[in-house]
Ligand SMILES: [Zn+2]
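In this note's numbering, the protein residues as written are 1 to 355.
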């Protein structure tokens, strides 16, 4: 027997407020064991059961009478992943985006409005705990109410281990991870920056959306094929754009670009862990400048949240130029084109600064 808790998210979307009131009344009187709420009224007489079961069946009919072909409500954690899922859903529906703006997913905490998006979703796509620890508990709390798709575990996605040691500064952002599987926990979570992974994400999204929403299965599959062709075209463009600067060393403030670097055979020299909010002390500044000089970095890349004055301070007295890379597309409008704009912007920044 279905538990009324499992029904409420769907029923709440019905515009008929009478049915909503009816549902909450029904929930209060529901006589069966419920996996989420251990309330039992087994001893009630058959008449009571009838008065509850008949309206429950009516409620089920209301749910199944939602417009044919209506897409499931989908929420996606980060803008680049949202972009790929939005492209797969084009023509069927639009996913909601959880994390907007320039905040880092490594250190984020969920706002109430974002928690609500999760609670209303039939499906949630996220990279996984290695990148988005802030979603681990809220997603676990959803239980079976929504289908959770962890893209770090998606078929065809190739993972790289997070870099540590040597010229790669220990980054507090990339610390230990809650309850992820060992392989996933040690993985670099910025998986969407490899075009091959982006295509695997699109295929996985089309598969799982098609399972939940069979009426649109063909559309999702066709969209994923079209998206893969677009990704291949951009990839070919970026190979040409980046070719002249392969082998030119550079330094980043956040080791987020490994997937991109491997794919395009770039030569990152290392990372410097710097907080965008705070200029390091004089001794640390000297160390950073020495490291930049020692690594012969042609360019030092900050991210949009790093003030240009901080970049200027840290590269003063070195040969390095400064540039900005943005692994999340903070300033981009969300939607099917965001992933493409993000990749083009990364390629453009690297090609320009390293020339
Ligand atoms: Zn990171």
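Just so you know, even glycine gets a beta-carbon here, dropped at the ideal spot from N, CA and C.
Given a cut-off of 9 Å, decide if residue j and residue i are closer than it, judged by their beta-carbon atoms.
i: residue 234; j: residue 343; result: yes
i: residue 186; j: residue 135; result: no
i: residue 303; j: residue 327; result: yes
i: residue 96; j: residue 73; result: yes
i: residue 350; j: residue 242; result: yes
i: residue 263; j: residue 154; result: no
i: residue 257; j: residue 310; result: no
i: residue 115; j: residue 158; result: no
i: residue 252; j: residue 272; result: yes
i: residue 295; j: residue 167; result: yes
i: residue 223; j: residue 204; result: no
i: residue 139; j: residue 152; result: no
i: residue 317; j: residue 169; result: no
i: residue 293; j: residue 261; result: no
i: residue 118; j: residue 108; result: no
Leaving out the 5 sequence neighbours to the left and right, which residues in its chain are closer than 8 Å to residue i when beta-carbon positions are compared?
i: residue 353; result: 250, 298, 299, 301, 321, 322 and 323
i: residue 259; result: 160, 188, 190, 191, 192, 193, 194 and 197
i: residue 246; result: 264, 265, 266 and 267
Per DSSP, residue i is paired with what?
i: residue 134; result: Paired residues: none, contrary to the question.
i: residue 76; result: 97 and 125
i: residue 201; result: In DSSP, residue 201 forms no bridge with anything.
i: residue 322; result: 300
i: residue 244; result: Residue 244 is not bridged to any residue.
i: residue 168; result: 165 and 271
i: residue 150; result: 126
i: residue 250; result: 268 and 299
i: residue 187; result: 161
In chain order, what residues of the same chain have a beta carbon less than 6 Å from the beta carbon of residue i, not counting five sequence neighbours either side?
i: residue 219; result: 91 and 92
i: residue 60; result: Residue confidence for residue 60 is low, a pLDDT of 40 falling below 50, so the modelled location carries little weight and cannot support an answer.
For residue i, is the classification buried or exposed, using 16 other Cβ atoms within 10 angstroms of its Cβ as the cut-off for buried?
i: residue 79; result: buried
i: residue 21; result: Note that residue 21 scores 35 on pLDDT, short of 50, meaning its location in the model is unreliable; the coordinates nonetheless yield the value given after this. It counts as exposed.
i: residue 133; result: buried
i: residue 83; result: buried
i: residue 213; result: buried
i: residue 202; result: buried
i: residue 357; result: Residue 357 is absent from the model: the chain starts at 1 and stops at 355.
i: residue 66; result: Here residue 66 scores only 37 on pLDDT, less than 50, and its place in the model should not be relied on; the value that follows carries that caveat. Classification of residue 66: exposed, given that the 10 Å Cβ count is below 16.
i: residue 274; result: buried
Below 7 Å CB to CB, which residues in the same chain sit around residue i once its five sequence neighbours on both sides are set aside?
i: residue 305; result: 102 and 276
i: residue 341; result: 329 and 332
i: residue 146; result: 121, 122, 123 and 124
i: residue 75; result: 95, 96, 98, 117, 118, 121 and 124
Spell out whether any CB of chain B is found under 9 Å from the CB atom of residue i.
i: residue 328; result: This model lacks chain B altogether; it includes just one protein chain.
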